[in-house]
Amino acid sequence: MEYSLLIIVAPFVLFLVLGLLGMKMKPSVAGIIGTLGMALCAVLAYTVAFQYFFQTGRVGETWAAVVPFNFEWLRFTDNLHIDLGILLDPISVMMLVVITTVSLMVHIYSLSYMKGETGFQRYYALLSLFSFSMLGLVIATNIFQMYIFWELVGVSSYSLIGFYYTKPSAVSASKKAFIVTRFADLGFLVGILILSYYTKTFDFGLLTADHAQLVTTSFAGGTFLGLSIATWALALIFMGGAGKSAMFPLHIWLPDAMEGPTPVSALIHAATMVVAGVFLVARLFPVYFFAAPEVLEMIAYIGAFTALFAALIAITQTDIKRVLAFSTISQIAYMMVALGVSEYGGHDGLGYMASMFHLFTHAFFKALLFLGAGSVIHAVHSNEMDQMGNLRKYMPITHITFAIACLAIAGIPPFSGFFSKDEILAAAFHHHPVIFWTLWIVAGLTAFYMFRLFYRIFWNTAPKSPKGDLATAQSADFKSPLHGAEHHTPHESPLAMTLPLIVLAIFSVFSGLIPFADFISSDFAPFHTHIDWLVAGLSIGVALVGIGIATVLYAKSSDKPAELARQMGGLYKAALHKFYLDEVWMWFTQTVIFRYICEPIKWFDRHIIDGSMNGLAWITQKTSSSIKGLQSGQVQFYAWVFIFGSLLIAALVLFL
Amino acid sequence: MNILSLFVAIPALMIALLFLCKEMKQIRAVMVTGASALMFLATTLVVLFLQERAAGNAAEMLFVSSTIWYAPLHITYAVGVDGISVLMLCLSAIIVFTGVFSSWNMNMAKEYFLWYCLLSIGVFGFFISIDLFTMFLFYEVALIPMYLLIGLWGTGRKEYSAMKLTLMLMGGSAFLLIGIVGIYYTSGHSTMNLLEIANTLHIPIEHQRWIFPATFLGFGVLGALFPFHTWSPDGHASAPTAVSMLHAGVLMKLGGYGCFRVAIYLMPEAAHELGWIFLILTGISVFYGAFSAVVQTDLKYINAYSSVSHCGLVLFAILMMNQTAMTGAIMQMLSHGLMTALFFALIGLIYGRTHTRDIREMGGLMKIMPFASVCYVIAGLASLGLPGLSGFVAEMTIFVGSFQHADLFHRVFTILACSSIVITAVYILRTIGKILYGPVQDAHHLHLTDAAWYEKVSAVGLIIAIVAIGMYPFGISDVIRESLLPVIEKLI
Numbered sequence: 000m001e002y003s004l005l006i007i008v009a010p011f012v013l014f015l016v017l018g019l020l021g022m023k024m025k026p027s028v029a030g031i032i033g034t035l036g037m038a039l040c041a042v043l044a045y046t047v048a049f050q051y052f053f054q055t056g057r058v059g060e061t062w063a064a065v066v067p068f069n070f071e072w073l074r075f076t077d078n079l080h081i082d083l084g085i086l087l088d089p090i091s092v093m094m095l096v097v098i099t100t101v102s103l104m105v106h107i108y109s110l111s112y113m114k115g116e117t118g119f120q121r122y123y124a125l126l127s128l129f130s131f132s133m134l135g136l137v138i139a140t141n142i143f144q145m146y147i148f149w150e151l152v153g154v155s156s157y158s159l160i161g162f163y164y165t166k167p168s169a170v171s172a173s174k175k176a177f178i179v180t181r182f183a184d185l186g187f188l189v190g191i192l193i194l195s196y197y198t199k200t201f202d203f204g205l206l207t208a209d210h211a212q213l214v215t216t217s218f219a220g221g222t223f224l225g226l227s228i229a230t231w232a233l234a235l236i237f238m239g240g241a242g243k244s245a246m247f248p249l250h251i252w253l254p255d256a257m258e259g260p261t262p263v264s265a266l267i268h269a270a271t272m273v274v275a276g277v278f279l280v281a282r283l284f285p286v287y288f289f290a291a292p293e294v295l296e297m298i299a300y301i302g303a304f305t306a307l308f309a310a311l312i313a314i315t316q317t318d319i320k321r322v323l324a325f326s327t328i329s330q331i332a333y334m335m336v337a338l339g340v341s342e343y344g345g346h347d348g349l350g351y352m353a354s355m356f357h358l359f360t361h362a363f364f365k366a367l368l369f370l371g372a373g374s375v376i377h378a379v380h381s382n383e384m385d386q387m388g389n390l391r392k393y394m395p396i397t398h399i400t401f402a403i404a405c406l407a408i409a410g411i412p413p414f415s416g417f418f419s420k421d422e423i424l425a426a427a428f429h430h431h432p433v434i435f436w437t438l439w440i441v442a443g444l445t446a447f448y449m450f451r452l453f454y455r456i457f458w459n460t461a462p463k464s465p466k467g468d469l470a471t472a473q474s475a476d477f478k479s480p481l482h483g484a485e486h487h488t489p490h491e492s493p494l495a496m497t498l499p500l501i502v503l504a505i506f507s508v509f510s511g512l513i514p515f516a517d518f519i520s521s522d523f524a525p526f527h528t529h530i531d532w533l534v535a536g537l538s539i540g541v542a543l544v545g546i547g548i549a550t551v552l553y554a555k556s557s558d559k560p561a562e563l564a565r566q567m568g569g570l571y572k573a574a575l576h577k578f579y580l581d582e583v584w585m586w587f588t589q590t591v592i593f594r595y596i597c598e599p600i601k602w603f604d605r606h607i608i609d610g611s612m613n614g615l616a617w618i619t620q621k622t623s624s625s626i627k628g629l630q631s632g633q634v635q636f637y638a639w640v641f642i643f644g645s646l647l648i649a650a651l652v653l654f655l
Numbered sequence: 000m001n002i003l004s005l006f007v008a009i010p011a012l013m014i015a016l017l018f019l020c021k022e023m024k025q026i027r028a029v030m031v032t033g034a035s036a037l038m039f040l041a042t043t044l045v046v047l048f049l050q051e052r053a054a055g056n057a058a059e060m061l062f063v064s065s066t067i068w069y070a071p072l073h074i075t076y077a078v079g080v081d082g083i084s085v086l087m088l089c090l091s092a093i094i095v096f097t098g099v100f101s102s103w104n105m106n107m108a109k110e111y112f113l114w115y116c117l118l119s120i121g122v123f124g125f126f127i128s129i130d131l132f133t134m135f136l137f138y139e140v141a142l143i144p145m146y147l148l149i150g151l152w153g154t155g156r157k158e159y160s161a162m163k164l165t166l167m168l169m170g171g172s173a174f175l176l177i178g179i180v181g182i183y184y185t186s187g188h189s190t191m192n193l194l195e196i197a198n199t200l201h202i203p204i205e206h207q208r209w210i211f212p213a214t215f216l217g218f219g220v221l222g223a224l225f226p227f228h229t230w231s232p233d234g235h236a237s238a239p240t241a242v243s244m245l246h247a248g249v250l251m252k253l254g255g256y257g258c259f260r261v262a263i264y265l266m267p268e269a270a271h272e273l274g275w276i277f278l279i280l281t282g283i284s285v286f287y288g289a290f291s292a293v294v295q296t297d298l299k300y301i302n303a304y305s306s307v308s309h310c311g312l313v314l315f316a317i318l319m320m321n322q323t324a325m326t327g328a329i330m331q332m333l334s335h336g337l338m339t340a341l342f343f344a345l346i347g348l349i350y351g352r353t354h355t356r357d358i359r360e361m362g363g364l365m366k367i368m369p370f371a372s373v374c375y376v377i378a379g380l381a382s383l384g385l386p387g388l389s390g391f392v393a394e395m396t397i398f399v400g401s402f403q404h405a406d407l408f409h410r411v412f413t414i415l416a417c418s419s420i421v422i423t424a425v426y427i428l429r430t431i432g433k434i435l436y437g438p439v440q441d442a443h444h445l446h447l448t449d450a451a452w453y454e455k456v457s458a459v460g461l462i463i464a465i466v467a468i469g470m471y472p473f474g475i476s477d478v479i480r481e482s483l484l485p486v487i488e489k490l491i
């Protein structure tokens, strides 16, 4: 399957072509080149997937890991070297399909959504770069290759989030995203250093082989602060994953990242960047399970907390993209929990399978939600729920597809989200009741806030004076005047935008029916799953309750929500302000780093270090100017000194 | 004539020709031809060097030749190169070449370029010499023109900065001279040739204990070792564009190169014994430089402190004394040289148009001068270690190499040094966000022009080199690793 190399070469070539020559092209040409290139990638990815899953991938009872291409890029020591290669196994092939599909939909969608924007060519160049980085990340054969593409993902998301670079909020959002994830990457890097120091390899194959025997045996029982070194290394690697996957408390970059164009949010937050952390843990799953089960336990609890925390915030937000952002955090946390509660091998590895399953289904319905939101924003030129309402008449396709996505994420059968979420809950159920009930509550909350969003956009009542409101509504994205200024009735988006919605809706409906356990499992051996009707009943029940409450409160406009918010008082306010975490981080960076570290260092440098150098120069100058009088050139003075000096020496000789 | 001597002869010839020039056109013609000849020479040298190596010539230094200069003290003009010096020569050639384009419109161009060529003689001479005294001589030749170039063509508090820079570096070279004389006498005053001292003679350990700190400190001042780095921010801030480029790009590398070629190579025992003292200082440099850069408001100061941080990493890696870390150190020298030169070229370009270097007074330049801004972003990304650009491979080689050190203290220290990557991201993105993005701050800036063709040549040349290292690190790393073997063998 050497041609799989093309999957990642193609987007890179596209990036170079569009980045270097894009300005010379007509925008539409650049867009079409980019889209066709991505379509080629998607076709190749599907071919690879077909060939892997149905022809060559299965060896006996298990799925093989195929490395069709590998070369040594940079040698550090005899054992440690960065290779660039392609690793095909069930999860990476699955990710190829997910990424190329969503990316292609975003490419098509953007043709219309971004039309007329300045920097249209740059946008497509960056999309290609982003797809390239993400594809390279999932096919990495070794952890350092993953780190390389990990960083590339960081930079390309930085440029995409900051696409509207003249807008200060977009600039600071992109900066925040980069620095927060960079901070997390530091943990990743240090983790890699520690891990490779003991195991003498970066290679995923060697690290995970034979129940991660290499890792469990090579750490010579060292401990630090009561935890083994292996635990530290893997916890630090998880920190990298937590940064990209927006786990508490490193999630703060994600809501702000909504400053980017909406299709970008769909790409970054549905299928690509944010699942990188989940993918990382899944990739190293045997290592985590056998060498550091404590870390997995920690991941489960962090995940459960993040899921609940983000869901609570999502309920209060009024910016539709922010609701989706917090929903992403919450759903990604679900996947993390699934990995955390999973065990290894056969049916015990249910959590692992469920996590990948949810990653798969979530990618489609979350992309659909974001693109649907984009379609709405495109129509009303605002992100705020208050500016919307009753749009179902004007935008039937968006309405239907959005409803499908909401049902899928809420976990209503037979939509895809139900199946994957059910497996996660079943895995959690067998692990620990606290985690299970937390996730159960989150499932209810998810259904509630998604339908709150849905009703407030498409049902409810339109804003009181639609004309005035819509006309003066703040332009949601930084649109050219052509879009924002003039008023018109909301209408359905053009085909280039609705087609991706329809395709994704089809995926959202049916992707849950795939027998995932046949393809993906923690030990590469297919196993059988069945729906646990107790768990399923509980989850459907809570979802219906959530939808029911949302229907009562939001299907028609009423004072009930405001009343409820008043009664909740402090909790509502705290959730609305995202539990004040932004302020805490702000205080930390602005006050601690800037005022208490950097400023004193600057002062110290100028006054103490430089001061002492200047002082040295000053002393030299003073000394020389005070003794320069001695070299006066007056013979009388010299003679006087000479005679006096001789007498002094004579006296010393005589008397001592 | 030895091919290496051409590196000194070409700038000398350029000086001679410059005296004959009358018009700006002729001056430019001489400079461009000369600088291109140097580039060509450097390329030829690489090819010849690789051919020799491929043909199985395993000598430590190639193209060696030696002429007695002053017999009583065994001073010879001895030249020779290994892979590392070849790379350093290439770096110098690139930066001299691009520097010419960055100083296209100088006033008093003739005098300026005269000193510029003299500076180049010093730099090239230093990298080809294998005789301690000749090396020192060229080192001094490189320092003196700096004083005039900053004092006459600089901006701001130029006299003060020029004086400060020269005095501090002279102070460093005083230590260096003591060290070199010490090496000569304690090794049995029979030769000044570096290779002969390293391979046949031995400096007694009790003498190494004072000579090693003296030489390391002497070169370390030039490598911006904490606390002797303060010449760098002031010096860079006042220097004209091309001089900043050459200074940060090449001259600071003289420090790192010297530390490893003279201090560590000749005195490995003392390096093992006393290295930790300097390791702590370099560790401080890495952090201190990065944190200082975060709160600076002058573009050149930001870059100067960032250089302190990056060059600190070079010395840090050299002191780890294993093959991988030292390979990383050399790569970091190349990478830092190229990207700082790019930074200074672009800052010069921006300053020449906006007449300010204060980041608070600029904004939205991306709209006004897209070409220059994109180049600035690339330089920034290289500096914060984006894979595919040179900074990443250099830093990762350093970190992985340093972490292989057997001693726990060194490993913990490496982890601390790693955290500089976050702080680097903070100050780079802060600068980019302030000056390139956001709304335009000053209405006067709206009419500024983008880079002219000669500025584009300079920026594109440097970017090509940065990308080449970033994409093709294995070739370069192999050359360095192989050249490091003699040093590593002595260290074990």
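Those sequence lines, one after another, are chains Y and G.
Using numbering that gives the first Met the number 0, the first residue of the first sequence is number 0, and each one after it goes up by one.
Using numbering that gives the first Met the number 0, the first residue of the second sequence is number 0, and each one after it goes up by one.
Even for Gly, the Cβ is constructed at its ideal location relative to N, Cα and C.
Note that this is a predicted model, so its numbers are computed, not measured.
Using a Cβ distance threshold of 8 Å, Ile210 (chain G) and Thr185 (chain G) count as a contacting pair.
Residues of the same chain with a CB within less than 6 Å of the CB of Pro10 (chain G), apart from the 5 flanking positions on each side, are Cys116, Ser119, Ile120 in chain order. Two segments are said to touch when three or more pairs of C-beta atoms, one from each, lie closer than 8 Å; by this definition the region 442–450 of chain Y touches the region 324–331 of chain Y. Cα atoms of Ala262 (chain G) and Leu216 (chain G): separation of roughly 9 Å, rounded to the nearest angstrom.
Under the Cβ criterion of 8 Å, Phe412 (chain G) is not counted among the residues facing chain Y. Residue nearest to Met107 (chain G) within the set G:His235, G:Trp452, G:Tyr287, G:Cys20 is G:Cys20 (criterion: CA-CA distance).
Counting along the chain, the unbroken beta strand (DSSP E) around Glu71 (chain Y) starts and ends at 65–74. Listed in chain order, the non-local C-beta contacts of Ser84 (chain G) below 6 Å within the same chain comprise Phe126, local neighbours out to five positions each way being set aside. In this structure, Tyr304 (chain G) keeps its C-beta atom at 8 Å or more from the C-beta atom of Gly282 (chain G). When G:Asp297, G:Trp452, G:Ala92, G:Phe398 are compared, the shortest CA-CA separation from Val313 (chain G) is found for G:Phe398.
From the beta-carbon of Phe370 (chain G), no residue of chain Y is found nearer than 8 Å; the closest lies around 10 Å away.
For Glu258 (chain Y), there are no C-beta contacts with chain G under 7 Å, since the nearest C-beta of that chain is about 12 Å from it.
Straight across, the Cα-Cα distance linking Leu193 (chain G) with Gly79 (chain G) is about 10 Å. The C-alpha of Ala256 (chain Y) is placed about 53 Å away from the C-alpha of Trp617 (chain Y). The DSSP-derived three-state label of Thr66 (chain G) is strand. Distances from the CA of Arg208 (chain G) to each of G:Ile93, G:Val242, G:Gly274, G:Ser284 were compared; the closest alpha carbon is that of G:Gly274. In the three-state reduction of the DSSP assignment, Ile81 (chain Y) falls in the strand class, which pools E and B. Look at Arg57 (chain Y) here: in three-state DSSP terms it is strand.
One Cα belongs to Gly416 (chain Y), the other to Ser510 (chain Y), and the distance between them is close to 9 Å.
For Glu158 (chain G), the CB contacts under 6 Å within the same chain, skipping 5 residues up- and downstream, are Gly150 in chain order.
At least one CB atom of chain G sits nearer than 8 Å to the CB of Gly161 (chain Y). Separation of Asn78 (chain Y) and Val8 (chain Y) (C-alpha to C-alpha, rounded to the nearest whole angstrom) is 27 Å. The alpha helix (DSSP H) runs lying completely inside the region 532–608 of chain Y and spanning 4 residues or more are 532–553, 559–567, 569–575, 580–585, 598–602, given in chain order. For Phe132 (chain G), the nearest beta carbon of chain Y is not closer than 8 Å to its own beta carbon. When rounded, the separation of the alpha-carbon atoms in Leu415 (chain G) and Gly135 (chain Y) is 29 Å. Membership of Val459 (chain G) in the alpha helix (DSSP H) is indicated by the continuous run 452–470. Between Leu49 (chain G) and Ile2 (chain G), the CB-CB gap reaches or exceeds 8 Å.
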